[in-house]
Amino acid sequence: MASIARALPRIALGLILLVAGLLKGADPAEFVRQIGTYGIVSGWAAAFLAYLLIPAEVALGAALILGFRARWSAAAGTLLMAAFMIATAWAWSQGKGEGCGCFGSLVSRTPGEVLLEDTAFLALGVIAFFLAPKGARDPLGRWIAVAASLVGAVLLSVTAYALPLDPLVTELRVGRPVGALPLRESPVDLATGDHLVALLDLDSPGAGDIVGALNRYSSVPGAPGVVAFYGGEVDERAGFCFNYGPGFEVVPVLRADLKRLFRTLPRFFRVREGKVARIWDGAPPDPGELR
Amino acid sequence: MPKTLAAVFILAAAVLPVSAAPVPPTEVIPLVPDSTFKVEIDGSPVPAAEMYMVGNSSLLILGCDLKDPILVATSDRTVRYFPGQGVIRDAEGNVSVKGAPSEPIGSYQYSAGQILFQAEGRKVRLSPKPPLLGPQTLEEIIRHTPDYGNRIKNYKPDAAAVAYLSKYGRKTDIEIYFGSWCPHCEAWIPRLVKALQSAASASMEAHFVALPKGFASDPVARAKGIRGVPTVLILQDGREVGRLIGPPDSGTIEAAVVKVLQTSGG
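Just so you know, the sequences run in chain order A and B.
By the count of the working numbering, the first sequence reaches residue 294 at its end, each step adding exactly one.
By the count of the working numbering, the second sequence reaches residue 268 at its end, each step adding exactly one.
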């Protein structure tokens, strides 16, 4: 019983790191963006750091849960938490933020909340370090499991967007009522009728082709009304409209809300009588699918 | 078919020829004020010009010293006249249109955030309006972005929150940090303003501070720890008792302010 109690802080920290690492691994581009918002590194360096941190976090989480090299793992976990705290503190001190409507992790919490949460995780690491058994030998199975978690995390982050993880990672699922979607400020009433919602990056090179395809739906009998959501600023909308001439509403929604609906853009979903009826990724649906 | 209804169909067809939505069977099309651009004709600013969105993305320009209002239609990248007598302004200042635009008088170019076209041999340039910066009054904000006024007028605030705010007696300053370039500020700040106006509490005063784009290095934003807009700071005796970062996760923004006041001991 005592050994289980001694292992609890280590396992708790391991679970936190494992889950956090897996979520980042399922959407590595978003993690790259988040690292960029801290303003410490950007571009390829942010991508390199992201793809390094994801397997490190997952493998460390697995090692802590399994008790692999328990003291070393606890020390590494504590150092990783300390590094996150220092990065956050630096970003705060530099006034880094996410602008308009993003409200990511750097913005949506107060310094006190961030400090409290990170201090709790750091304390878990320190306790786990001091409670970890010294000099225990690790059976071969643990070595294999930790190595597998490392390789698995690398594979996950590299192949993430080819894997069907959207239903797990995003909140957009077929059958879900639109009232349950995280859209705090949609001025469009999706609760009744038939709608095709396009989640767009207005600056993407393919935006013109998408507008052309969506505009053509107006001639398809029985096609739903189209509305596009984007998470940007006023100028972006103007540029999009005057360049491409959308024949449908282009509506700003909070990027923080939009992000919960996609891993990659563009994404399209049909809403019928208040429920998500179908989802398309990458390209608008064929007109025949809308009849 | 009545003549006016036919005209509306023609207007809608000109503005929305590719819209998937059917043309609304109405004689009058209400317009939404747009504050994205400022107008210059032959290099001279036209401060009296007003702009309105028509349909999903076309733009109607009034008061720009041309023969008639101008319709910039995004669907076919054309510029047309819209008959001045078809523009209706009601007692509350809302603008609607009735009638049909002319045949195209030209086309526009969109480049580097600017719309350029020729009308009556004159060069018309629509360029992005500079953002508001620094402390602002509500009147200044509405003058810059008229849609704030519309949204304030149309919003129905949470009655319970208004009742609480109206009885709240402790002197409270509400500092609202926003960007005139931020659509989410435009969606949420008018709601808070309307709630405060409805409460008409003498103890509450709202202050507006406009931030530039990329405000990370702005001294005011840094001093106040603003990392996203809109952010609302609630201060009593000069001390911050709470802040709302972005819209509330659920419920109304005025209810979120009430929650802060309740937890601060008010």
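Think of the CB as a built atom: it goes at the ideal place given N, C-alpha and C, for glycine as much as any other residue.
Pair every Cβ in the region 157 to 172 of chain A with every Cβ in the region 65 to 74 of chain A, then say whether three or more of these pairs are closer than 8 Å.
no
(message) Using beta carbons (cut-off 8 Å, strictly below), is phenylalanine 245/A in contact with chain B?
(response) yes
Give a yes or no on whether 8 Å exceeds the smallest Cβ distance from histidine 146/B to chain A.
-> no
Ignoring anything shorter than 4 residues or poking outside the region 136 to 177 of chain A, list the alpha helix (DSSP H) runs there in chain order. 143 to 162 and 169 to 172
For methionine 53/B: DSSP bridge partner residues: Ile63/B
First and last residue of the uninterrupted alpha helix (DSSP H) at glutamate 236/A
Unbroken run through glutamate 236/A: none, as it is neither H nor E.
**Request:** Decide if aspartate 192/A is buried, meaning its Cβ has at least 16 other Cβ atoms within 10 Å, or exposed.
**Result:** exposed
Chain A contacts made by the region 114 to 148 of chain B, where a contact means CB separation under 7 Å: Gly115, Ile117 and Pro130
Residue burial classification, glutamate 116/A (beta-carbon count within 10 angstroms, cutoff 16): exposed
Original post:
Within this structure, are the beta carbons of valine 34/B and aspartate 220/B separated by less than 8 Å?
Top reply: no
Rounded to the nearest angstrom, what separates asparagine 152/B and alanine 79/A at their Cα positions?
56 Å
Check: In chain order, what residues of the same chain lie with their CB nearer than 6 Å to the CB of leucine 237/B, ignoring the 5 residues before and after it?
Finding: Asp175
Tell me the rounded alpha-carbon separation between isoleucine 247/A and alanine 257/B.
Just to set this straight, residue 247/A is tyrosine in the shown sequence, not isoleucine. When rounded, the distance between both Cα atoms is 40 Å.
Could you name the residues of the same chain whose beta carbon sits closer than 7 Å to that of alanine 161/B, not counting the 5 residues immediately before and after it, in chain order?
none
State the DSSP-derived secondary structure class of glutamine 295/A, mapped to helix, strand or coil. Any answer about residue 295/A is impossible in this case: the structure gives chain A only from 4 up to 294.
Would you kindly check if the distance between the Cβ of alanine 231/A and the Cβ of alanine 201/A is under 8 Å? yes
Review point. Hey, how far is the Cα of serine 222/A from the Cα of aspartate 289/A?
Key: 13 Å
Task: For alanine 197/B, three-class secondary structure by DSSP - done: helix
Worksheet entry | Coarse secondary structure for valine 1/A, derived from DSSP in three states | No answer is possible for residue 1/A: it lies beyond the span of chain A, which begins at 4 and ends at 294.
* Asked: With which residues is lysine 278/A paired in a DSSP beta bridge?
  -> Pro180/A and Arg275/A
Q) Since valine 41/B and valine 48/B are thought to touch, with beta carbons under 8 Å apart, how far apart are those beta carbons, to the nearest angstrom? A) 4 Å
Exercise for review: Could you spell out where the beta strand (DSSP E) holding leucine 118/B opens and where it closes?
Suggested key: 116 to 121
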